[in-house]
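Residue numbers (this note's numbering), protein chains in the order written: chain U, 1402 to 1881; chain P, 16 to 464.
Cβ coordinates follow ideal geometry from the N, Cα and C atoms, glycine included.
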Amino acid sequence: MLSELKKALTAINLPVDWIGIRAVRETNTTRYVRDAMPQANGKSFTMGAMVEVMVNGCLGYAATNSLEQRSLLAAAEKAYNQAVAASQWWIYPFQEKSERPKVVGEYISPYSQPFNNLSPGEINDVLVKTCKALKVSDKVVQTVAEATSTEKESWFISSNGSEVYQKFLLFSNYHGAIAQDGAIVQQRTNNGWQAQCYQGGIELFLQPDQWQSVELIGQQAVELLTAEECPSICTNLVLAPDQMMLQIHESIGHPLELDRILGDERNYAGGSFVKKSDFGNLIYGSPLMNITFDPTVSGEFASYGYDDTGNVATKQYLIKEGILQRGLGSLESQARIGVDGVACARASSWNRPPIDRMANINLEPGKASFDEIISGIEHGVYMEANRSWSIDDQRYKFQFGCEYAKLIENGKLTKTLRNPNYRATTPEFWKSLTKVGNTSNWEMYGTRSCGKGEPNQAIWVGHGSPICLFADVEVFGGGS
Amino acid sequence: MKSEELSDLENSFNKLIKRVADKKADSEEFTLKLSSERSQFTRFNQAKVRQTGIVTDGWVELTLMSNQRTAFSRIPFTGNSEYDIGLAIAALEEMRKEIPQLPEDPYLVLPTGNNTSREIHQGNLLAEEAVATSILKELDSLDFTGIYAGGAVIKGYADSCGQKHLFTTDTFSLDYSIFTPEGQAVKGTFAGSHWDKLAYTAKIKEVKQQLDLLSSTKPKTLPKGQYKTYFAPAAVAELLSLLSWGGVSESDLQQGNSALAPLSRGEKILSPNFSLKENFQTGLVPRFNELGQMAAFELPLIDAGKLVNTLVNSRTAKEYKKTANGANHYESLRAPEIIPGNLASSDILKILDKGLYISNLHYLNWSDRPTGRITGMTRYACFWVEDGEIVAPIENLRFDDSLYNFWGKNLLDFTNFQEFIPEVGSYESRQLGGSMVPGMLVEDFTYTL
């Protein structure tokens, strides 16, 4: 691949300041079983390249799914024409040295067993068995089990000598049950919809406590049918790491994206309540809050060595002891806004341009054990696993719902609660962060489908967090 | 798309179909699904170009069925027949090895029938190099943000029975928001198959007038509570979109995943003023599905508040002993239409009297799907109304209410006019079609934050 791309790059003869080619080859394999019956077994293979040119500070791109040299040359010409046509109206004069610096390197996901160590038949056997194990009662009306693996390679070369190769192995493991008793319907899954997402090989498929955990999910779906409704009250809220993932993603990750603050996303995903002047000053949350952009965590879903413009990925504090430090902004956004950012120019594939994206956004562990947190609460609610999410276009007013909750009374988890929800505003919520769990309860999850951008892009992100206690939060139940 | 280019792609697809058919064993069946596009995406912020480019993309999905088992393989479709056929044959061979390992699929549906169709909708779009100037020179100093997406989209289908469909269309959409210095905005879309400069100029002139309205008064902060609310068609389309996600699907209904289950069971009712149907008469989206079956031109789903049909594909029909109605794999809405009511445009503010005028909604999700409860946010050009007059724009509010309220007992009326709200999504590829919806007036809509 690399030599073909280099040949094309050499053959392009256009009056440009800079030119880059980013090629992607990706195979996504889905195996999905419902109620112990196969629903989908297949592969999606995509391959193509985006040619990007810089002409007098303007960028234009053209992407093609044909890697023949003539197609790449034609793409380069289209990209050039796009850049020239836009030059009169271009937003900011980018520079090769600062926005497309030379970079050379390689990144490969950690793994111990390749995906083909298990045959399609063996994977289906496990998924069928999972569905059967989930059906603990006649009240379970639907069971699902899904394994998704992705092998993705990318190559980035440029006229100023960049040469980056990255290979990602991504794996997601999802299963869940829906239980029904008349009009009462409840769902329970393994940490929320497709949240078990990691980098690695097929070794991620079967966990040591797999069957115990699967059966518990089925049992809890049934248990929720007769559980009390979550009360409507302002109280202490303890969130498990599988809900913290969503909380971090929506109320920290997105509002800190510099392209949102610059207004690029206002027509689609929205803006942000965070302003340029807030960096270095804003008290985002309590002093217990330490948030990092960390694409270096081994096995976390959105680890990588370089972003899609070749910027080297390093760990950075976004929020330290509650104070906002820097934004989630690419080299382009950093130049436009004048705020420090990170290596986060990412594209969902060869056919979309890089934009500001989260990678792994993590809440660093604190000091409290699970027992220490729960035992110190007189009254509260403990919630696990996201099932509903909505937040405004400034990332300020949110409402999230979870699958499963427990009442906390006098320092103990007591009754199971169904339809647990909570709502708040972002600054108020993070300032109410009272306790942060330690490394013993720090867990990481991810998602494949963070949507953003025009044209739209769905990309994979990772989030790690311990359990956390928030004081005086409005919680409530379901029903009309 | 130029007719020669379209002809080349169609020929390539035909060659691919023939080669796969030639390779097919007697015991095998197959379907081939095609999606291809030539798209320009030009993105704007502050009435400047932020990103601009061209995407040439395409894929075919080959599904092989044999011995009551099935697998699929999606591969690139480039138009280079030799290359594309090579990929398809390799995929076929790989699936042949895999299929015997898979469990039997008791509800596998094999392609049957003899449907064919060929629809070519040619348009008159802006030249690629003319997009930025044509759009931006009309804007003066407006804070304009959004995206122009335009070009050809091709959808195709073929199978081992000899069914074949091709649908191509040249379309564009300009999806935009224009902001006041205070952060209030007017959001709109300008879409079609023929760029009409005069219509675009008129649209921008109309937006400028709306912006003046937004700029004239400070936004009003409202306490949470219940308010009489008028939803403009774009906001109604957002609410309607949730019915494609755990709503009108028969399989969702059967598997505990549908918000319409209480309606189906007769436990809850909707207003007799609420009627919803699939309407393919406009020809904006293909009628064929993943098995080459053609949906009826019209299919009523909710008629005067009663659930008269769900969307049923052949697989669901086989599993639950229902009658298939040409629904797609996801049993989602493809050409939805809400039937208009009696509320005249000139009466909207007068009958609203005191309450909220909501132009757009944002980030909707089920907060409790089994009871039909939806949460989301107001967004852009939303106003407080008193004595039938617009008083001020509002600070955004979060809502959380059940469709059994706002399409049920609290629905006062739909407008007597509809608007076409185009589908402008582009996650996997540029989407087609949209929804035809009226505005609606609702009593006691619940705002929570």
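Taking the alpha-carbon positions, what's the TYR1599(U) to ASN340(P) distance? The alpha-carbon separation between TYR1599(U) and ASN340(P) amounts to approximately 40 Å.
In angstroms with no decimal places, state the Cα-to-Cα distance between ALA86(P) and ALA332(P). If I take the Cα positions, the gap works out to 20 Å.
Can you pull the chain U neighbours of ARG394(P), defined as C-beta to C-beta under 7 Å? In chain order: ASP1794.
Report yes or no: do three or more beta-carbon pairs, one from the stretch 1417-1433 of chain U and one from the stretch 1745-1758 of chain U, lie closer than 8 Å? The stretch 1417-1433 of chain U is in contact with the stretch 1745-1758 of chain U.
Integer-rounded CB distance, given that PRO1821(U) should sit under 8 Å from GLY1802(U): Contact annotation, GLY1802(U) with PRO1821(U): C-beta distance approximately 7 Å; criterion of less than 8 Å satisfied.
In whole angstroms, what is the alpha-carbon distance linking LEU1729(U) and LYS1676(U)? Between LEU1729(U) and LYS1676(U), the C-alpha separation is close to 13 Å.
On the three-state DSSP scale, how would you describe CYS1459(U)? Look at CYS1459(U) here: in three-state DSSP terms it is strand.
What are the partner residues of PHE246(P), as DSSP defines its beta bridges? According to DSSP, PHE246(P) shares a beta bridge with ILE373(P) and MET455(P).
Taking the C-alpha atoms as reference points, what is the distance between ILE1524(U) and ALA173(P)? Looking at the two C-alpha atoms, the distance is approximately 30 Å.
Please report the distance separating the alpha-carbon of LYS1768(U) from that of ARG1824(U). If you take the alpha carbons of LYS1768(U) and ARG1824(U), they lie about 26 Å apart.
With DSSP as the reference, label SER88(P) as helix, strand or coil. Note: SER88(P) maps to strand in three-state DSSP.
Counting contacts by CB-CB distance shorter than 8 Å, is GLY1522(U) in contact with chain P? With 8 Å as the cut-off, GLY1522(U) counts as an interface residue toward chain P.
Could you name the residues of the same chain whose beta carbon sits closer than 6 Å to that of VAL263(P), not counting the 5 residues immediately before and after it, in chain order? Contacts found: LEU316, THR325 and LEU326.
Taking the beta carbon of GLN1489(U) as the centre, do at least 16 other beta carbons fall within 10 Å, making it buried, or is it exposed? By the 10 Å Cβ count, GLN1489(U) comes out exposed.
Chain U residues whose Cβ lies nearer than 9 Å to that of ILE69(P): The contacting residues are GLY1461, TYR1462, ALA1463, ALA1464, THR1465, ALA1476, LYS1479, ALA1480, ASN1482 and GLN1483.
With distances taken from CA atoms, which of LYS1807(U), PRO1766(U), ASP1526(U) and ARG1788(U) is nearest GLN1587(U)? Of LYS1807(U), PRO1766(U), ASP1526(U) and ARG1788(U), the residue nearest in Cα terms is ARG1788(U).
With a Cβ-Cβ cutoff of 8 Å, do GLN373(P) and ALA247(P) count as a contact? Note on identity: in this sequence residue 373(P) is Ile, with Gln being the wrong assignment. For the 8 Å CB-CB criterion, ILE373(P) and ALA247(P) form a contact.
Under 6 Å Cβ to Cβ from SER96(P), same chain only, skipping five residues before and after it: list those, please. Listed in chain order, the non-local C-beta contacts of SER96(P) below 6 Å within the same chain comprise SER27 and LYS30, local neighbours out to five positions each way being set aside.
Where do the ends of the beta strand (DSSP E) carrying PHE194(P) lie? Per DSSP, PHE194(P) belongs to the beta strand (DSSP E) from 179-194.
When the cut-off is 8 Å and only beta carbons count, does SER1731(U) lie next to chain P? The beta-carbon of SER1731(U) is placed no less than 8 Å from the nearest beta-carbon of chain P.
Would PHE1408(U) be called buried (16 or more neighbouring beta carbons within 10 Å of its own) or exposed? Strictly speaking, residue 1408(U) in this sequence is Lys, with Phe absent from that position. Counting Cβ neighbours within 10 Å, LYS1408(U) comes out exposed, since fewer than 16 surround it.
Report the neighbours of MET1448(U) on chain P: residues whose CB is nearer than 8 Å to its CB, in chain order. Neighbours of MET1448(U) on chain P, chain order: PRO91.
For GLY193(P), which residues of its own chain have a beta-carbon under 7 Å away from its beta-carbon, when the five flanking residues on both sides are left out? Reading off the sequence shown, one finds Ile at residue 193(P), where the question assumed Gly. Cβ-Cβ distances below 7 Å link ILE193(P) to LEU157, ASP158, PHE159, ALA200, VAL201, VAL222 and LEU226 in the same chain, with the five nearest sequence neighbours on each side left out; the list follows chain order.
Between the C-alpha atoms of GLY1879(U) and ASN1811(U), what's the straight-line distance to the nearest angstrom? If I take the Cα positions, the gap works out to 25 Å.
Near LYS1379(U), what residues of its chain come up, given a Cβ to Cβ distance below 6 Å and the 5 sequence neighbours on each side ignored? Chain U is shown from 1402 up to 1881; residue 1379(U) falls before or after that span and cannot be answered.
Check each residue of the stretch 364-386 of chain P: if its Cβ is closer than 9 Å to any Cβ of chain U, include it; give the result in chain order. Answer in chain order: HIS377, TYR378, LEU379, ASN380, TRP381, SER382, ASP383, ARG384, PRO385 and THR386.
Integer Cβ distance of THR1715(U) from LEU1732(U), believed to fall under 8 Å: That pair is no contact at about 13 Å.
With distances taken Cα to Cα, identify the nearest neighbour of SER273(P) among THR127(P), ILE389(P) and LEU77(P). The residue with the shortest Cα to Cα distance from SER273(P) is ILE389(P).
For a contact defined as C-beta to C-beta under 8 Å, what are the partners of GLN1489(U) on chain P? When 8 Å is used as the limit between beta carbons, GLN1489(U) is near these residues of chain P: ALA147 and THR148, in chain order.
Return the chain-ordered ranges of every alpha helix (DSSP H) run that is complete within the stretch 1649-1718 of chain U and spans a minimum of 4 residues. Whole alpha helix (DSSP H) segments, 4+ residues: 1659-1662.
Following the continuous beta strand (DSSP E) through GLY138(P), name the residue where it begins and the one where it ends. Note, GLY138(P): premise wrong, no beta strand (DSSP E); not H, not E.
Counting only beta-carbon atoms, is TYR172(P) nearer than 8 Å to chain U? Output row for TYR172(P): interface = no.
ASP99(P) classed as buried or exposed, judged by whether at least 16 other C-beta atoms fall within 10 angstroms: Around the beta carbon of ASP99(P), 16 or more other beta carbons lie within 10 angstroms, which makes this residue buried.
Examine chain U for any beta-carbon lying closer than 8 Å to the beta-carbon of ARG388(P), and answer yes or no. Judged by the 8 Å Cβ criterion, ARG388(P) is in contact with chain U.
Return yes when the Cβ of ASN431(P) is within less than 8 Å of the Cβ of LEU358(P), no when it is not. In contact: LEU358(P) and ASN431(P) (Cβ atoms closer than 8 Å).
Do VAL1456(U) and TYR1481(U) have their C-beta atoms closer together than 8 Å? Contact: yes.
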